[in-house]
Amino acid sequence: MEGLSLYSKALDLINKSRYILIVTHINPDADTLSCALALSNYFKENKIKHAVFNKMKALPSNLDFLGNYQKITDQIPKFYDLIISVDCANLKRVGIEFDSNIKIINIDHHQSNNNFGIINIVDETKASSAEVLYEFFKQNNLQISQQTAQCLYVGIYDDSLAFTTPRCDSGSFEKANHLVSLGVSPSFIANKLLRRDSLAKYRLMPLILNTLELHFEGKVATIYVKDEWLKQSGALYTECEELVNMVLRIGIIDIAIFFRYSNGSTRVSMRSKNNIDVSPIASHFNGGGHKMAAGCTCNTQDIDEAKKMILNYIEELNIYGI
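Numbering-wise, the numbering used here comes out as the position in the sequence shown, counting from 1, plus 13.
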């Protein structure tokens, strides 16, 4: 395969494989699932045997209109000879371990990606992994069906927060325009993603927003959710994750931080604006992500303790000189 581009090498591996396992990250978002389903639709159309894996039993229901959504499984097949990881900065994000002898194609856009694949198609300048995957299709001159186009558009639209993040550029719009020309309806996608909230979500929202605290003279906001509230409301964790973005809309806030107890530790999601870089905070706690969207895990079951750990490190960084 000498002399071939990464895109060509990846396609060559795909064509030589007998059964492909497409893997997505835990607490899945639209980008990871839409990339996986874009590949799944293409593989189905071309009779390439595969499975799409996500460890979580509960998936975002607002993505159920995407082709092959119902085929996503939390079971690992007995045999597979190639793994394609989408939107995962490292394999820990998948949530399980794999045979180290199996080849991996790594498709991602996180700046913290550790290039764990035999082929790494990683571009941290892109606003979404769906944009990176789009280039795989384009550079290999592969036909993009309407269903595959819809998946790619969803990933680009959602991970760029409706084309509003700093890394969203003219190339993002060119890709979106091409996908629309292939039959994607922007209004249909927006309605599916933004206007199908569950009642349970709105029962949960006031409980979370009531935890709002401001720090560093109002520049940093924290919120948290308790598992008992999820059970009480009937909402899924994926339904409340966007609240961190809602809090960030408050004018004076630069950094919004969301805490959740999970499996003996505390998960932390961070979002920022005004050119504040939260990735060093995540990296300090062995996490990762982007400049304005990152996450990590604090090794404590106590949310208040986790909050103290994060805020103390922000103070150490002297971001605000307060």
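Ideal Cβ placement from N, Cα and C applies to all residues, glycine included.
Whole-number beta carbon distance between residue j and residue i, since they are thought to touch under 8 Å
| i | j | result |
| --- | --- | --- |
| L207 | S246 | Actually they are not in contact, since the Cβ atoms of L207 and S246 sit about 20 Å apart, beyond 8 Å. |
| H63 | H303 | At roughly 28 Å, the Cβ-Cβ gap does not stay under 8 Å, so H63 and H303 are not in contact. |
| F272 | A213 | That belief does not hold up - the Cβ atoms of F272 and A213 are roughly 20 Å apart, past 8 Å. |
| S125 | A102 | 5 Å |
| F149 | I132 | Between I132 and F149 the Cβ distance is about 10 Å, and since that is not below 8 Å, they are no contact. |
| I289 | I236 | Contact flag wrong, Cβ pair sits at about 17 Å. |
| L155 | L192 | Incorrect: roughly 14 Å between the Cβ atoms, too far for contact. |
| F56 | I33 | 7 Å |
| I316 | Y274 | 6 Å |
| A43 | D210 | At roughly 15 Å, the Cβ-Cβ gap does not stay under 8 Å, so A43 and D210 are not in contact. |
| I109 | K68 | 6 Å |
Inter-residue Cα distance where the pair is residue i and residue j
| i | j | result |
| --- | --- | --- |
| L256 | K29 | 44 Å |
| Y215 | D94 | 44 Å |
| A306 | I115 | 31 Å |
| K244 | S18 | 49 Å |
| Q163 | L79 | 7 Å |
| I266 | M283 | 12 Å |
| L52 | I35 | 8 Å |
| K286 | T37 | 27 Å |
| S200 | K321 | 43 Å |
| T161 | L225 | 40 Å |
| N128 | L227 | 37 Å |
| K70 | S158 | 28 Å |
| V99 | S183 | 23 Å |
| N81 | L50 | 6 Å |
| I221 | G130 | 38 Å |
| S185 | Q152 | 16 Å |
| D121 | N299 | 19 Å |
| L324 | V281 | 12 Å |
Residue i in three-state terms, based on DSSP
| i | result |
| --- | --- |
| M283 | strand |
| F129 | coil |
| E15 | Low confidence applies to E15: its pLDDT is 44, below 50, so where it sits in the model is not reliable, and the reading given next is rough at best. It is coil, neither helix nor strand. |
| F272 | strand |
| V65 | strand |
| Y333 | coil |
| Y93 | coil |
| S98 | strand |
| S200 | helix |
| C181 | coil |
| I265 | coil |
| T138 | coil |
| S278 | strand |
| T313 | coil |
Limits of the unbroken alpha helix (DSSP H) element including residue i
| i | result |
| --- | --- |
| L195 | Taken as a continuous stretch (DSSP letters only), L195 belongs to no alpha helix (DSSP H), as it is neither H nor E. |
| H303 | Where H303 is concerned, there is no enclosing alpha helix (DSSP H), given that its DSSP letter is neither H nor E. |
| E148 | S142 to Q152 |
| L165 | Q159 to D172 |
| Y250 | Y250 to C253 |
| P293 | S292 to H297 |
Span of the beta strand (DSSP E), counted from its first residue to its last, around residue i
| i | result |
| --- | --- |
| R216 | Per DSSP, R216 belongs to no beta strand (DSSP E); it is in the alpha helix (DSSP H), L212 to L222. |
| H38 | Where H38 is concerned, there is no enclosing beta strand (DSSP E), given that its DSSP letter is neither H nor E. |
| K116 | K116 to D121 |
| E226 | E226 to H228 |
| V233 | V233 to V238 |
Burial state of residue i (16 or more Cβ within 10 Å)
| i | result |
| --- | --- |
| A248 | buried |
| I27 | buried |
| K139 | buried |
| G16 | Low confidence applies here, because G16 scores a pLDDT of 49, under 50, leaving its location unreliable and the question unanswered by this model. |
| G277 | exposed |
| I117 | buried |
| L76 | buried |
| I263 | exposed |
| E252 | buried |
| Y326 | exposed |
| A189 | buried |
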